[in-house]
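A.B. asks: Have a look at this one before I ask anything.
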Amino acid sequence: MRPVPCRAPCNTPEPSREPPYQEAARGGGTRDTPVYNKFMDAAYEIGTKAVLITPARFLFNAGFTSKAWNQKMLADEHLTVAHYESDSNILFPSLTDPIKGGIVVTYRDSERKLGPIGLFTKHPELNAILHKVRESVADFIDRDVSSGRAYAFTQAMHDAYPEASGAMSSDAQFRVSTNAFEQLAFLFHETPPDNGDEYVQLVGVYKNKRVSRWLRREYITGPESFDKYRVLVPAANGSGSTTDFFGVVLNNPIVLQPRVAVTQTFITIGSFDAEAEARACLKYIKSKFARTMLGVLKITQHNPRSTWQFVPAQHFTSTSDIDWTKTIPEVDAQLYAKYGLESEEIAFIEEKVTPME
4 MRPVPCRAPC NTPEPSREPP YQEAARGGGT RDTPVYNKFM DAAYEIGTKA VLITPARFLF
64 NAGFTSKAWN QKMLADEHLT VAHYESDSNI LFPSLTDPIK GGIVVTYRDS ERKLGPIGLF
124 TKHPELNAIL HKVRESVADF IDRDVSSGRA YAFTQAMHDA YPEASGAMSS DAQFRVSTNA
184 FEQLAFLFHE TPPDNGDEYV QLVGVYKNKR VSRWLRREYI TGPESFDKYR VLVPAANGSG
244 STTDFFGVVL NNPIVLQPRV AVTQTFITIG SFDAEAEARA CLKYIKSKFA RTMLGVLKIT
304 QHNPRSTWQF VPAQHFTSTS DIDWTKTIPE VDAQLYAKYG LESEEIAFIE EKVTPME
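Residue 4 is where the sequence shown starts when you use the working numbering, and the numbers rise one by one after that.
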């Protein structure tokens, strides 16, 4: 039997059956560039009506498409969401890696007003809760969130250790990266030195475990809250196979003492003079209510400052309208009452959000 000739060069890989959602990173980079936004723009230029299936991250103003493009889409009065699916494998079972944030089917008709989409949430109950919160709240907790990038190495560190520059990429000379304890091991002490006043603590991850190291205080800077009590929260949580991040548990948030820095593995929340206030904030972060509001914009593993945009700010002193000495379920009950939640909305939160101790 004669072999069947190849219709393409025999070493050509089989074309991907996945939609052309992104362009693979080049030159050793790790960040894939989205292209689905270009397909959407092109479709709208050549036709009056378009139905497209794309990643849904732009609905939550997330992902690597530009914020300006996301806002343009959300404000488009001719665009509407026909279907949203948080689990991409339901629509594309052959995907080897779930699409974080899910899949959306959009419909656009340039001759009809169908939108705008505005602020999208995937649960009707969450829409109602969000509406009540936004009507009654002026301030949100995102203003008190500092990313790991707010903590940075100083020029004094580079002057003292010129080899540090050689160990870091040119665009990360001052970042306290997630692998700092391995990359710059010569900087750190595993236990507090005897002259401890000259050193500060840095919390990070080493070999997949949260650990602390100490370095000279002049080698690192932080945000304005650096000298205060804060709450440490992972910058990301949830496994890579997770498709719905609504209500997930935050991995072991803790109270930080003043002058404790963090690597980019973490974010910090708050700026408190008293440890009791930070502990009240920690209890709030663990509450089902706060994580419900975090779930409005949290659609991937990441917890950047922007995802906390609809978590209401609270007062954490003893004169607060919430009694923070109560248990977390009792705190939740107070918060439900404060924002006027109905029994159906409370039942939704209690069912969907995983409790934290």
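Just so it is clear, CB atoms sit at the ideal spot from N, CA and C, and this is done for glycine as well. For clarity, every value in this text was computed on a predicted model and none was experimentally measured.
(1) Can you check which of these residues, Q176, I56 and K116, is closest to I106 by C-alpha distance?
(2) Less than 8 Å between the C-beta atoms of V179 and Q267, yes or no?
(3) Name, in chain order, the residues that DSSP records as bridge partners for R220.
(4) What does the alpha-carbon distance come out to for the pair G30 and E80?
(5) Report all residues from its chain with a CB closer than 6 Å to the CB of N240; omit the five preceding and five following residues, and keep chain order.
(6) Below 8 Å between beta carbons: does that hold for A238 and G151?
(7) Give the DSSP-derived three-state secondary structure of L187 in the structure shown.
(8) Which value, in whole angstroms, describes the spacing of the CA atoms of L218 and D197?
(9) Could you compute how far the alpha carbon of R2 sits from the alpha carbon of E193?
(10) Closer than 8 Å is the cut-off here; do at least three beta carbon pairs connect the region 159-166 with the region 220-230?
(11) Quick one, are the C-beta atoms of Q312 and I325 less than 8 Å apart?
(12) By the DSSP assignment, the beta strand (DSSP E) with R233 in it spans what residues?
(13) Would the beta-carbon of S89 fall within 8 Å of that of D230?
(14) In chain order, what residues of the same chain lie with their CB nearer than 8 Å to the CB of I257, ignoring the 5 residues before and after it?
(15) Does DSSP classify P315 as helix, strand or coil?
(16) F63 and V314 look like a contact to me (Cβ under 8 Å); what is the Cβ gap, rounded to whole Å?
(17) Give every residue of the same chain whose Cβ lies closer than 8 Å to the Cβ of T33, excluding the five residues on either side of it in the sequence, and list them in chain order.
(18) Measuring CA to CA, which of L133, D145, K135 and L187 is closest to A167?
(19) Would you mind stating whether P58 and I102 have Cβ atoms separated by less than 8 Å?
(20) Residue ranges of each beta strand (DSSP E) run of no fewer than 3 residues wholly in the region 124-212, ordered along the chain?
(21) For the putative contact between R60 and G104, defined by C-beta atoms under 8 Å, what is the C-beta separation to the nearest angstrom?
C.D. replies: According to the structure data:
(1) Residue nearest to I106 within the set Q176, I56 and K116 is I56 (criterion: CA-CA distance).
(2) It is a contact, given that the beta carbons lie within the stated cut-off.
(3) BP columns for R220 are empty, so no partner.
(4) No answer about G30 holds up, because its pLDDT of 48 lies below 50 and its placement is not dependable.
(5) So the list reads L253 and N254, once near-sequence residues are dropped.
(6) Cβ atoms of A238 and G151: closer than 8 Å.
(7) L187: coil per DSSP, three-state reduction.
(8) Their Cα atoms are separated by approximately 12 Å.
(9) Look at the range of the chain in this structure, 4 to 360, and you will see that residue 2 is not part of it.
(10) The count of Cβ pairs closer than 8 Å, one atom from the region 159-166 and one from the region 220-230, reaches three, so the stretches are in contact.
(11) With contacts defined as CB atoms closer than 8 Å, Q312 and I325 fail to qualify as a contacting pair.
(12) For R233, the enclosing beta strand (DSSP E) covers residues Y232 to P237.
(13) Not a contact, by the Cβ cut-off of 8 Å.
(14) Within the same chain, V234, L235 and L285 come within 8 Å of I257 by CB-CB distance, once the 5 residues on both sides are set aside.
(15) Reduced to three states, the DSSP call for P315 is strand.
(16) In fact, because the Cβ distance is near 15 Å, the residues do not count as touching under 8 Å.
(17) Because T33 sits at a pLDDT of 45, beneath the cut-off of 50, its placement in the model cannot be relied upon, and the point is left open.
(18) Distances from the CA of A167 to each of L133, D145, K135 and L187 were compared; the closest alpha carbon is that of L187.
(19) Taking 8 Å as the cut-off, the Cβ atoms of P58 and I102 count as close.
(20) You should have 202-209.
(21) Yes, they are in contact, since the Cβ atoms of R60 and G104 sit about 4 Å apart, within 8 Å.
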